[in-house]
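Mind the numbering: the sequence shown is residues 1 to 205 in my numbering, read in order.
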Amino acid sequence: ERNRGFFQARGLLVLNFLSSPGSGKTSFIREAVRALQPKLKAGVIVGDLATDNDAQRLRESGAPVVQITTGTVCHLEAEMVARALKQIDLNGLNLLIIENVGNLVCPASFDLGEDLRIVLLSVTEGEDKPLKYPPMFQSADAVIISKIDLAEACGYDRETALANIRRVAPRAQVFETSAKTGQGMDAWCRFIAQQQQQRSSSTSA
Numbered sequence: 001e002r003n004r005g006f007f008q009a010r011g012l013l014v015l016n017f018l019s020s021p022g023s024g025k026t027s028f029i030r031e032a033v034r035a036l037q038p039k040l041k042a043g044v045i046v047g048d049l050a051t052d053n054d055a056q057r058l059r060e061s062g063a064p065v066v067q068i069t070t071g072t073v074c075h076l077e078a079e080m081v082a083r084a085l086k087q088i089d090l091n092g093l094n095l096l097i098i099e100n101v102g103n104l105v106c107p108a109s110f111d112l113g114e115d116l117r118i119v120l121l122s123v124t125e126g127e128d129k130p131l132k133y134p135p136m137f138q139s140a141d142a143v144i145i146s147k148i149d150l151a152e153a154c155g156y157d158r159e160t161a162l163a164n165i166r167r168v169a170p171r172a173q174v175f176e177t178s179a180k181t182g183q184g185m186d187a188w189c190r191f192i193a194q195q196q197q198q199r200s201s202s203t204s205a
């Protein structure tokens, strides 16, 4: 709640990105940050058990990035995010992206103070992921189907995947995307711009 109040006071739209390892989360965030500029200026907090590889890749977007190394902890917690905020210059930012640890179980139970919870499902993972990990998908405000450019090569069943998402997360908005080709990124950017505008309007009111 302290995080949420802090974010609201600054007019920051905060996204918590969750997925299994290898879903393309880092690449998606990097390309989304690039596409949103100059309309929105983003900062990124990224969590991993070890290494700062993802943080280095995310810095290619031009956004300020802070790494949280969790060690043996398989998720980010609100206090970790609060400490990381002290290491990032928030002046001029209107979007904060939190890239959670790659894990479809533990992070679902931890509220970081975010506005929107975003869950990625890559076409390479199998269409049954929403059914196997329902708490994660049930908590999602949006589901991003990533690596859509690989759909044909891996025999991805689009209708089954969409049906499974709708069954578990009927309220979530679904975006079919490819960070590599740019497919679906415009729709995602429009959605985020609208969400941030709503946040700015509510803050100024």
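Here a beta-carbon is modelled for each residue, glycine too, at the ideal position from N, C-alpha and C.
Judged by their CB atoms, Leu18 and Ile192 are not nearer to each other than the 8 Å cut-off. Val123 is the residue among Val123, Pro107, Ile68, Asn103 whose C-alpha sits nearest the C-alpha of Phe175.
By the 16-neighbour rule on beta-carbons within 10 angstroms, Val119 is buried.
Boundaries for Phe7: no beta strand (DSSP E) harbours it, while the alpha helix (DSSP H) harbouring it runs 2-10, taken from the DSSP string. Bridge partners of Val73 according to DSSP: none are assigned. Ranked by Cα distance from Asn100, the options Ser23, Pro134, Ile165 are led by Ser23.
Within the region 82-167, the runs of alpha helix (DSSP H) at least 4 residues long that lie entirely inside it are, in chain order, 129-132, 134-138. Residue state for Asp52 is assigned as coil, using DSSP reduced to three classes.
At least 8 Å separates the beta-carbon of Arg171 from that of Asn16. By the Cβ rule, the region 37-56 counts as touching the region 77-94, because three or more pairs are nearer than 8 Å.
Cβ-Cβ distances below 7 Å link Glu60 to Arg30 in the same chain, with the five nearest sequence neighbours on each side left out; the list follows chain order.
The continuous alpha helix (DSSP H) containing Glu31 extends over residues 25-36.
Look at Leu58 here: in three-state DSSP terms it is helix.
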